[in-house]
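Engineer: In full-length UniProt numbering, the protein residues as written are 1 to 334.
Ideal Cβ placement from N, Cα and C applies to all residues, glycine included.
Below are the C-alpha cells for one structure; questions will follow.
Here is the structure:
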C-alpha cells in the first residue's frame, strides 16, 4: 500500500513520510525541491517535479497503481512573503492545487488529505478556534489556502473527490530521530529566534506584554511536527469512515489540530529555560506594528474522529529543535 505525498521533501511532508513508512505504508514523494531538501527523500520513492505537471502525475500513477490516497502538503507558507508577492502564492497554492486535483481525478485517486491552516479563522472571544469559527483570513497565504479549500469542496460535489482538510497553526520541533527538520537554518518564528539568541548569548525580546491573555503576552498553538504527522496517518487510515463514498455525505471534512490552550510567549520562554538552563534571558518590549494576539485550536473533533491528541510536550519540541539546529550547523560547516 502506498500514499502519494506532495511536498514530501519539506518540513511537514518529510515527517509525514517517515510516520507512514514506520507504520508500513510506502510514501511516494513528489517535490519540486524549490523549498524542499533532496536529502529528505533519501531511501524513499522520489519524483522531482511540479504538482501541476499532468504528465508526471500520470507517470507516478502508472508506476504505482497501488497508491490509495494523496497527502497534499506542497505549498508556500511564509506570511510576510505572501504579502510581498501574492501573485506567486496564489499561483502555487491555488492554481497548482486546482491542477493537481484534476490530475488526481483523472487517475481515479479520489482520496486527498489536505495540509491547511487554522490561520484562516476569526478567533472566538477567548482566542480559541473551532471548525465552526468564522473564516476571516488576514493575508494572501491564508486566503490562498481558504480559496484552495473552496475549489476542492466544489470538486468533491461535482466529481466525487473526497477530501479531509487538516488545519493547524504552529508546527515546531523535528523528527525525533533527526532524519528531517526545518529547512531554514534561521527560522523567523519565536522559537527560532530564541534558539538564535541563545546561540549568540543575547536576550530574547518579548514584543507585546499587554495583550488580553493569561500573562499579557501573545499566544500561539505550537504542536510538535511528529504529532501533526501522526494526524495525517490517522486521517488516511480512517479515511472511509470519516468521509464516506459519494452519495453518503458532502465528500469534504475539516478537522482542526491543536493543543486546546496554546502557549503564550512568556510560557515558551519559561519552557526554553527548562531545557537550556536559567541563564537564558528575555526582555520585554512594546508590540510591533502588525503583531497580533494570536489564537489556539480546540482539538475536540480531532480527538473524536482521529483518536488523536498531541503526545510530545513543548519542552520535547524545543529539545528536538535545538538538536536539529545543531545538526544543521554541523552539516553546514562540513
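1. So what does residue 30 bridge to, in DSSP terms?
2. Going residue by residue through the stretch 239 to 298, where are the continuous alpha helix (DSSP H) segments of at least 4 residues, counting only ones entirely within it?
3. So, at 6 Å on beta carbons, what are the nonlocal neighbours of residue 294 in its own chain, with the 5 sequence-adjacent residues on each side left out?
4. Going by beta-carbon coordinates alone, are residue 233 and residue 71 separated by less than 7 Å?
5. Looking at the structure shown, is residue 96 part of a helix, part of a strand, or coil, going by DSSP?
6. According to DSSP, residue 69 sits in a beta bridge with which residue or residues?
7. Report back the beta-carbon spacing between residue 231 and residue 257 to the nearest angstrom; my notes put them in contact at under 8 Å.
8. Distance, Cα to Cα, residue 12 vs residue 226?
9. Would you check if there are 3 or more beta carbon pairs closer than 8 Å linking the stretch 96 to 106 to the stretch 157 to 173?
10. Counting C-beta neighbours from all protein chains within 10 Å, is the total for residue 310 16 or more, i.e. buried, or is it exposed?
11. Below 8 Å CB to CB, which residues in the same chain sit around residue 259 once its five sequence neighbours on both sides are set aside?
12. Three-state secondary structure (DSSP) at residue 188?
13. Between residue 32 and residue 214, what straight-line distance do the alpha-carbon atoms span, to the nearest angstrom?
14. Check each candidate in 85, 123, 107, 179 and name the one with the smallest Cα separation from residue 328.
15. Below 6 Å CB to CB, which residues in the same chain sit around residue 194 once its five sequence neighbours on both sides are set aside?
16. Take residue 77 as the anchor and find which of 183, 207, 245 has the nearest alpha-carbon.
17. CB-CB under 6 Å to residue 250, same chain, minus the five flanking residues each way: which ones, in chain order?
18. With a 10 Å radius around its C-beta and 16 neighbouring C-beta atoms as the bar for buried, classify residue 132 as buried or exposed.
19. So what does DSSP say about residue 180, is it helix, strand or coil?
20. Under 7 Å between the Cβ atoms of residue 139 and residue 79?
21. Measure the CB-CB distance between residue 287 and residue 208 and report whether it falls below 7 Å.
22. Let me check understanding here. Comparing Cα to Cα, which of 265, 242, 175, 240 lies closest to residue 211?
23. Would a C-beta distance cut-off of 7 Å place residue 5 and residue 29 closer than the cut-off?
24. Who pairs with residue 168 in a beta bridge, going by DSSP?
25. Taking DSSP as the reference, what is the three-state secondary structure of residue 334?
26. Let me know the secondary structure DSSP gives residue 89 once reduced to three states.
27. Comparing C-alpha positions only, which one of 319, 189, 85 sits nearest to residue 206?
28. Suppose contacts are defined by Cβ-Cβ distances below 7 Å. Is residue 242 in contact with residue 168 by that definition?
29. Decide if the stretch 87 to 94 is in contact with the stretch 136 to 155; the criterion is three or more beta carbon pairs, one per stretch, under 8 Å apart.
Structural biologist: Let me lay it out:
1. 6, 47
2. 239 to 242, 265 to 276
3. The beta carbon of residue 294 lies closer than 6 Å to those of 218, 219, 220 in the same chain, with the five residues before and after it left out.
4. no
5. Residue state, collapsed to three classes: helix.
6. Residue pairing of residue 69 in beta bridges, as defined by DSSP: 3.
7. 5 Å
8. 8 Å
9. yes
10. buried
11. 221, 222, 223, 296, 297, 299, 310
12. coil
13. Looking at the backbone, the Cα of residue 32 and that of residue 214 are separated by about 43 Å.
14. Considering only alpha carbons, the answer is 179.
15. 204, 272
16. 183
17. none
18. It counts as exposed.
19. Residue state, collapsed to three classes: coil.
20. Yes, the Cβ-Cβ distance between residue 139 and residue 79 is below 7 Å.
21. yes
22. 265
23. yes
24. Note: residue 168 sits in a beta bridge opposite 117.
25. Note that residue 334 has pLDDT 44, beneath the 50 cutoff, so the model's placement of it is unreliable and no number is given.
26. helix
27. 189
28. Taking 7 Å as the cut-off, the beta carbon of residue 242 is found no closer than this to the beta carbon of residue 168.
29. yes
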